[in-house]
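Everything on this sheet refers to the single structure shown next.
Numbering (full-length UniProt numbering), first residue to last: 1 to 278.
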């Protein structure tokens, strides 16, 4: 087979695979996981149902592919954002403890904003996490688990680094892996508070703001793990500065939730002057 023809076929197959995943994502967004069938996907893209099975051998395989795609999207976002904040940290010559906490604050901000940055992917993962049914086979999960662990390990690495420079403490009864799981699980659970089943007219929007609760919880965890208050305040202000000046990939200045008022009373300008070198 001529190389050009083979290349076109591979490109066409990649395009079709993308279209099928997009169609499946749209079906889940409107009808839930229970509405996802191979026939529904075929109808959405206008092809024979048999075509779907040449790409995914079952609904389980399709769901696993959707999870892989969603998780990889978040990993790519975290990676790009890390490159941005590492450049800023190096330029600012931050104190090592403040820099370590700034990384955790920054990834927390991005994690919390994930539903706004990648809405479909975030909703898909939230829906699958909250569904008690076993929707994928052990075989198909083998494609998802390594990537999910890679995503979680991103947080674990930052926790380890913060412990190494003394920004956090780690008793013998704990581990950075366990903390990463609690960090991600706690934030993810806090985000669900926005979905509380109370009529809008009876619901206090401030109390039930899942994003604000999640960020406050992230602060509580860092403080509970030994982060010095002054260093955490400085880390928050540094990350807010990056977002406000569009130096942090994926976040815009309007996405900032100001936490400095809730964790301390020292003047922000004083803290920023101590740690941030323009």
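Every residue, glycine too, gets a C-beta built ideally from N, C-alpha and C.
Which residue marks the beginning of the alpha helix (DSSP H) containing residue i, and which one marks its end?
| i | result |
| --- | --- |
| residue 207 | No alpha helix (DSSP H) contains residue 207, which DSSP labels as neither H nor E. |
| residue 69 | 59 to 92 |
| residue 53 | 49 to 53 |
| residue 139 | 138 to 164 |
| residue 123 | 119 to 129 |
| residue 180 | 176 to 191 |
| residue 109 | 96 to 112 |
Whole angstroms are fine: how far does the CA of residue j sit from the CA of residue i?
| i | j | result |
| --- | --- | --- |
| residue 17 | residue 183 | 34 Å |
| residue 36 | residue 10 | 26 Å |
| residue 243 | residue 211 | 16 Å |
| residue 117 | residue 23 | 19 Å |
| residue 208 | residue 192 | 9 Å |
| residue 276 | residue 92 | With a pLDDT of 43 at residue 276, under the threshold of 50, the predicted position of this residue should be treated as unreliable, though the coordinate-derived value follows. Taking the straight line joining both Cα atoms gives about 6 Å. |
| residue 179 | residue 52 | 40 Å |
| residue 59 | residue 38 | 7 Å |
| residue 230 | residue 217 | 18 Å |
| residue 257 | residue 105 | Because the pLDDT of residue 257 is 42, which lies under 50, any placement of that residue in the model is unreliable, and the number read from its coordinates should be weighed accordingly. When rounded, the distance between both Cα atoms is 12 Å. |
| residue 87 | residue 241 | 14 Å |
| residue 171 | residue 113 | 31 Å |
| residue 140 | residue 54 | 16 Å |
| residue 269 | residue 90 | Because the pLDDT at residue 269 is just 36, under 50, the model does not fix this residue reliably, and the point stays unresolved. |
| residue 56 | residue 62 | 6 Å |
| residue 15 | residue 235 | 42 Å |
| residue 44 | residue 27 | 8 Å |
| residue 95 | residue 126 | 36 Å |
| residue 215 | residue 137 | 34 Å |
Please confirm whether residue i and residue j have their CB atoms less than 8 Å apart.
| i | j | result |
| --- | --- | --- |
| residue 190 | residue 213 | yes |
| residue 128 | residue 69 | no |
| residue 155 | residue 107 | yes |
| residue 149 | residue 232 | no |
| residue 163 | residue 176 | yes |
| residue 124 | residue 71 | no |
| residue 25 | residue 66 | yes |
| residue 97 | residue 166 | yes |
| residue 168 | residue 85 | no |
| residue 78 | residue 121 | no |
| residue 135 | residue 33 | yes |
| residue 40 | residue 48 | no |
| residue 143 | residue 80 | no |
Nearest chain C C-beta to residue i closer than 8 Å, yes or no?
| i | result |
| --- | --- |
| residue 127 | Going by chain labels, chain C is absent from the structure shown, which holds only one protein chain. |
Under the three-state reduction of DSSP, which class applies to residue i: helix, strand or coil?
| i | result |
| --- | --- |
| residue 225 | coil |
| residue 37 | coil |
| residue 56 | coil |
| residue 216 | helix |
| residue 253 | Because residue 253 carries a pLDDT of 40, less than 50, the predicted location of this residue cannot be relied on, and the following value inherits that uncertainty. Of the three classes helix, strand and coil, the one that applies to residue 253 here is helix, per DSSP. |
| residue 167 | coil |
| residue 194 | helix |
| residue 134 | coil |
| residue 248 | coil |
| residue 115 | helix |
| residue 240 | helix |
Please tell me whether, using a cut-off of 7 Å, the distance from the CB of residue i to the nearest non-hydrogen atom of the ligand GDP is below it.
| i | result |
| --- | --- |
| residue 54 | Among the components of this structure there are no ligands whatsoever, and the ligand GDP is therefore not found. |
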